[in-house]
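*Asks:* Numbering (the numbering used here) for the sequence shown: 14 to 154.
For glycine and all other residues, C-beta sits at the position ideal for the given N, C-alpha and C.
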Amino acid sequence: MAFLNALNIVGSALTAERFRTNIITQNISNQLVIGRNGEDPYRRKQVIFQTRPQTFDETLSQVQGGGVRVTQVVESQEDFKPVYDPTHPDADEDGYIYYPNVNNTEEQLDLMEATRVYEANVAALSVVKAMASKALEIGKG
């Protein structure tokens, strides 16, 4: 059933993008969380996608894709942002406090991209549903 496979592919993309959106909003929410008591500040997280493995049958035919899934969430290894503030209670011996390696502009752009991809997948889902409906109408004829 090609329609069911298409629904599975679109559904996996919707799930993956929703998860990505949640991670991006978590990054934005924690962009001002500094490290306290010797702990590191919040680290930016990124989502890694991978195509979903196909069944042996699908691999042999190579006709359709298998969808997408989230394989892992990785923490960015970029340096933290130092800010000189010797009066801050959490400043180090040199007078610096360290903010997370989250760039608000970059996160906003990633969020817009994830939203657009999600919307495109919703549109694809609507098309698949309309095609399935028309196919059922043809069968009635």
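Go ahead and pull the three-state DSSP assignment for E88.
*Replies:* Of the three classes helix, strand and coil, the one that applies to E88 here is strand, per DSSP.
*Asks:* With DSSP as the reference, please indicate the residues paired to Q39 in a beta bridge.
*Replies:* DSSP lists no partner for Q39.
*Asks:* In terms of residues, what are the limits of the beta strand (DSSP E) holding T64?
*Replies:* 58-64 is the extent of the beta strand (DSSP E) around T64.
*Asks:* Taking the C-alpha atoms as reference points, what is the distance between A136 and E91?
*Replies:* Those two C-alpha atoms are separated by around 36 Å.
*Asks:* Going by DSSP in three states, I47 sits in which element: helix, strand or coil?
*Replies:* Three-state result, I47: coil.
*Asks:* Grouping DSSP H, G and I as helix and E and B as strand, with all else coil, what is Y131?
*Replies:* Looking at Y131 - three-state DSSP - the assignment turns out to be helix.
*Asks:* In chain order, what are the residue ranges of uninterrupted beta strand (DSSP E) at least 3 long that sit wholly in the segment 92-145?
*Replies:* Those beta strand (DSSP E) runs which fall completely within the segment 92-145 and span 3+ residues are 94-97, 109-112.
*Asks:* I believe R57 touches V115 by the beta-carbon criterion, under 8 Å. Please report the beta-carbon distance rounded to the nearest angstrom.
*Replies:* Rounded, the Cβ-Cβ distance is 5 Å, consistent with contact.
*Asks:* By a C-beta neighbour count over all protein chains shown, 10 Å radius and 16 as the cutoff for buried, is Y55 buried or exposed?
*Replies:* Flag for Y55 reads buried.
*Asks:* With a CB to CB cut of under 8 Å and the five nearest residues on each side skipped, what residues in its chain are close to R49?
*Replies:* D103.
*Asks:* Please name the residue in D105, G51, V83, S89 whose C-alpha comes closest to that of G24.
*Replies:* With distances taken between Cα atoms, G24 lies closest to V83.
*Asks:* For the structure I just gave you, are there three or more beta carbon pairs, one from the segment 35-53 and one from the segment 115-127, closer than 8 Å?
*Replies:* Short answer: they touch.
*Asks:* Between the Cα of R65 and the Cα atoms of K147, T28, A143, which residue gives the shortest distance?
*Replies:* It is T28 whose Cα lies nearest to the Cα of R65.
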